[in-house]
Amino acid sequence: MGEYEKPLILYATESGNAQETADNIARHCRCIDLRCRVQDVETYLPDDLINESLIIFVIATTGSGVEPRSMTSLWNMLLRSDLPADLFEDIHFTVFGLGDSAYERFCWPAKKLSRRMKGLGATEIYDRGEGDDQHMLGTDGALVPWIEGLLDVLAQLFPLAEGTSRLSWDTVPPPRMAMTKSNEEESMDPLVQDAVYHHATLKYNKRITAEDWYQDVRHFQFSFEEDIQYNPGDVAVIHPLQPYDDVEEFLSSMGWGNIADEVYTLEHIEKDQTMPNHIPRCASLRTIFTRYLDFKAVPRRTFFQYLRYFNTDEQESEKLDEFLSIDTADELYDYCQRVRRTIQEVLTEFRGSKIPLPYIFDIFPPLRPREFSIASSVKMHPREIQLCIAIVKYRTRLKIPRRGICTSYLSALQPGHTLTIGLRRGFINLPDQKTHIICIGPGTGVAPMRSLIEERIFTGTIRNMLYFGCRSALKDQHYGQEWKAYAKENKLVYRVACSRDGPEGVQRTYVQDLIEADGERIWELISQGAWNTLKTQEAILDHLDADIICFQEMKTSRQNLSKDIATPESYAAFFSFPAKKTGYSGVATYTRIVPCKAEEGLTGLLDIKPPLTREERISPSASYPCHSPVEIEGDDDSELDLKDLDSEGRALVLDFGMFVLINVYCPNDGTEAEDRIKYKMDFHRLLSERVKRLIELEKREVVVVGDLNACASLIDHCEGEIILKKLKLKGGGDAAVAEEAFWAEKEGRHWLREWLVEGGGPMVDVVRRQWPDRKGMFTCWNTKISARASNYGTRIDYILITAGLLPWVKAADIQPQVKGSDHCPVMLDLYDELPGTEGPHMLQPTLTANAIEVPRLSSKYWDEFSGKQRSLDTFFGQKAPTRKSAANTQPSSPLSLSPSPPPSSQLSSQASSSKSIGKLQLSQPVPVKRKLTQSQASSSSKKVKPDPEGQRKLLSFFSKPKEPAKPIVVQDSDDDNVEDEDYRLAVKLSLSADTKTASPSSSKSRNAWKALLAPIQPPRCLVHNEPTKELTVTKPGANKGKNFFICSRPVGPGYDKGRVERDREDVDPRYKCNFFKWSSEVKREALRKET
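Counting from 1, one number per residue, gives the positions in the sequence shown under UniProt numbering.
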């Protein structure tokens, strides 16, 4: 069997779990006489992939669902848009993913890899496996049965020779390493010869949390003799050493104390099993267990399997059998994982297991290096690295505390100690110096933020903002003095939330509270291009991880779309914009799957130039409303105004062969204006008719996705139970009558109900079909009242399908965890092939340069992006630099959150929702001063008279304006003279402060000023007697900018909207009450108490 004919097990790991799993699979393959190649994806050449015949991928999951760092090179190659769809048609593969189902994107990299390999023509020979850390057996809970099934498949592909049979797993495997005594000296540490590693000397090891604080966080500072280079976001790689005394104790307990310093030659003999990196050729047992093997790790199931091989004690063997049994998996979990029992501790209890020396590399896991984000800038600190590290120490039910190996090693180091530190590229791509950055770094997560901020400040950039979260300002505010010093120099906007400071009973403040309070300014910065990790539209679309992505309510126009947004490389993009209202409505569809045809609108009237041919049209002429009019129900003499209904950019229709996809944004009737209600209902009838003709005349399957702006049932409304209660009272207590009244209450609800199969229509609400009784499955929330936090919303976003597509449905759900809008996405997952059949593939190939032609509606054919049209600025020379106005160079107050320039003309995409793909802010032209002519200069050279009184007095700042202020509209308050009273008080204080001679009332004046400038203590709401929260009026009008207090409880069904909108019997006191008070009124009351 040739090298490439052998199965390749390719693993991508961060912590070593995937590597151990790959070894485990390879050992099992020996049972069917199959020797595999096992390789780390980091050392594998991606170009060799095309030569493989069978690949078993083992992929770990890191962070919030991303692939391990080592997989980046391979994944980037697989995502290239120029790869043909049949590239891997000769490759067979399967995938096993490792993850934790407690996280939202469970085994996400494995799922994406499986999908991409199939998209490039590879054949998946066995269903993807997904190991879950939450399982009682950990990864083995899914791995063990998955391997058994895989071996059955492999045995068919690689039949055993005649006369041979499958070996039992109970057979002791040969050791991967041969160890022979040597007369040579120990080899030099391989790290010394690795160019990635550098010789470092510890300069500083200081605790930066308070001595009485529960967590020990250290600041380390290392110096280097050479000019090292790294960027913000890069990591330091440190190989820990086990303490000498611990190693000595372990070797003695194993009976190896007398041979601990004998030198052995190490030879890797079983190539289907991996070895730790940087293993020397000659080493002693003391060196091996000090540097390379970890006897303090929490053992995995494989460790107990090897103990069973070598155990001679009957009782211990019986216990090990129980641990290894699937039926008693909980016993192993309780004994080992739950209490974090170490290998050393286990071996002291199972003394009947005598481990042969050559098997130490099979039984003990590698002592892995740890990576720490660098917390310094090499430009500000040449030849230095600084780290911010939390020392890991915690307790379980065991007597001895659990400690982190690497952090314990570092915490014990003294200044002057030398060690080897590696540098590794991080994931941060630095923004340019003109871009605002918004950093959110609670705890030690602030380390890479510190590196980034230091770098930007060193280069003169002040557009930096940091949100830091801790528990106590005095106990664990890491680098707090540095941040405050930068803020004082206007180099940083620093916002800190200390969640445990303050008296009991006072509402706690967290980072998210600060972000919410600063939301308007943050959104403004993001709209101007503030830095985030998803730098391109394609990256945003990739993050959503779908083949077809539909957006509604885009609120932009064609001329405002950048090339990055209009034509992402790996997607075909289609847009529909309103004909008249710029920045209103609009829908977009991005797809990796090549559609056969594409059209804009529902009527057949909208077209492109040159017009679509009959072959390019999705339907024959008779199916379009423009060729066969749609009559309005109840009015025989009227027809729909088709041109008007298709003028607002509300629909895109794409034909994918097996179904027709309609991406739609239905009108909202929230204004209650009769013309808009009529428009909404006419649009509904037009949509229904278009779908009806596709189904009945063309026998097509249809998928309708989008914001329908209507609820299908009471369960889809946050106040459904309250509404039902009221309607039952009106209907004499009959629930069925009440539900019918709910649908009849608004025409949109009635239309949607009748369009669904439950009402006799053709469409299936596939998400509700998957989750028939699930409550709180809402997709839209009112952000003005922070309704999303308490899930006080409605379900008005749907995926509707015709019944013929139901067998293809694999999963359907909402994605409320995706933030960034007042709506959340809705998803539908379809099988690539119908299970149990040999039918055709459902969809066309993925989009590649060699794929079939993309329909002409695609934005790739727009003149401005196809090279046919030059932009206006290309007709001119180099742009003259725009001078900044003086006002924009002045640092802003803390309330502005950032020293900000004028808004730039950039489109910022919101990837996390199916709504509001972009928000546009155009900068106003900045006037550039010209030199005055002599006559102009003379006529404008009037001197300004100096103030005869010299420096202005404090009183002048409180002088009344020349024009009277506009009256302030105050609701639910008798505060008619707020500004006048505040004004009179300020004038009185300024007069007292201006007095040159001391008087008996001076202390009172100071106290009055102190009271005036003191922060307002939030009042307590009257219903719950809890501290309220302060908000600011942002709506344009007379009250814009004013602060007010409201109840801090979340909104929910039955929250108190006030007596006008909420009957008293419907009020639920668990939620927000109707407390309201202007901040000025609260302050005035506080001043009265002071006096």
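Note that beta-carbon positions come from the ideal geometry of N, C-alpha and C, so glycine has one too. Bear in mind the structure is a predicted one, so any value in this text is a computation, not a measurement.
Use the C-beta contact count for His198: other C-beta atoms within 10 angstroms, 16 or more gives buried, fewer gives exposed. buried
Status (buried if at least 16 other CB within 10 Å, exposed otherwise) for Thr180: exposed
One question on the structure: do Lys93 and Leu150 come within less than 9 Å of each other, judged by their Cβ atoms? For the sequence presented, residue 93 should be read as Phe rather than Lys. No, they are not a contact pair.
Limits of the unbroken beta strand (DSSP E) element including Gly131: 129–132
For Phe250, report the span of its alpha helix (DSSP H) as first-last. 244–253
6 Å Cβ shell around Gln1017 - same chain, five flanking residues per side excluded: none
Report yes if the CB atom of Pro175 is closer than 9 Å to the CB atom of Phe361, and no otherwise. yes
What is the DSSP secondary structure of Lys746, reduced to helix, strand or coil? coil
Proximal residues to Ile50 (C-beta, below 8 Å), its chain only, five neighbours per side dropped: Leu87, Phe88, Ile91
Just verifying my parser: in three-state terms, what is the DSSP assignment at Lys945? Its pLDDT being 44, under 50, Lys945 is placed unreliably by the model, and the measurement read from it follows with that caveat. The answer is coil: DSSP assigns Lys945 none of H, G, I, E or B.
Is Ser576 helix, strand or coil when you go by DSSP? strand
If you scan the region 305–361 from start to end, which runs of the alpha helix (DSSP H) of 4 or more residues do you find wholly inside it? 314–324, 329–332, 343–349
Do Val705 and Leu661 count as a contact pair if the criterion is CB distance below 9 Å? yes
On a CA-only basis, which of Ile462, Glu371, Ile389 is nearest Phe220? Give me that one, please. Ile389
Assuming Ile343 and Phe295 make a contact with CB atoms under 8 Å, what is their CB distance in whole Å? 5 Å
With H, G and I counted as helix, E and B as strand and the rest as coil, what does DSSP make of Trp169? coil
Check Arg105 in the structure and name its three-state DSSP category. coil
Lys354: which of Glu482, Pro369, Asn311, Pro382 sits nearest, CA to CA? Asn311
If the criterion is Cβ atoms closer than 9 Å, does the pair Val767 and Leu806 meet it? no
Judging by CA-CA distance, which residue of Thr209, Ile437, Gln305 is the nearest neighbour of Glu476? The amino acid at residue 476 is misidentified as Glu; the sequence shows Asp. The shortest C-alpha separation from Asp476 is found at Thr209.
Could you work out which residue in Ala85, Ala18, Lys678, Val153 is closest to Pro7 when comparing CA atoms only? Val153
Just the Cα atoms here: how many angstroms apart are Ala161 and Lys112? 37 Å
Kindly indicate if chain D contains any beta-carbon less than 9 Å away from that of Leu10. The structure shown contains no chain D, having only a single protein chain.
Could you tell me the distance, in whole angstroms, from the CA atom of residue 1093 to the CA atom of Val41? The requested residue 1093 is not part of the displayed model; the chain covers only 1 to 1091.
Report the option in Pro358, Cys596, Phe427 whose CA atom is closest to the CA atom of Pro855. Cys596
So, are the CB atoms of Ala710 and Leu652 less than 9 Å apart? no
Between Lys860 and the rest of its own chain, which residues show a CB-CB distance below 8 Å, the 5 nearest in sequence each way excluded? Thr567, Ala572, Ala573, Val854, Ser866
The beta strand (DSSP E) that contains Phe551, what's its start and end? 548–552
Limits of the unbroken beta strand (DSSP E) element including Cys388: 384–390
Going by DSSP, which residues form a beta bridge with Phe372? Ala236
List the whole-angstrom C-beta distance separating Gly793 from Phe778, where the pair is believed to meet the contact cut-off of C-beta under 8 Å. 3 Å
So is Gly63 buried or exposed if we call it buried at 16+ other beta carbons inside 10 Å? exposed
Please state the DSSP three-state secondary structure of Gly502. coil
With DSSP as the reference, label Cys29 as helix, strand or coil. helix
Please classify Ala986: does DSSP put it in a helix, a strand, or coil? Below a pLDDT of 50, predicted positions are generally treated as unreliable, and Ala986, at 45, falls in that range; no measurement from the model is reported.
From Pro365 to Gln273, what does the alpha carbon distance come to, in whole angstroms? 12 Å
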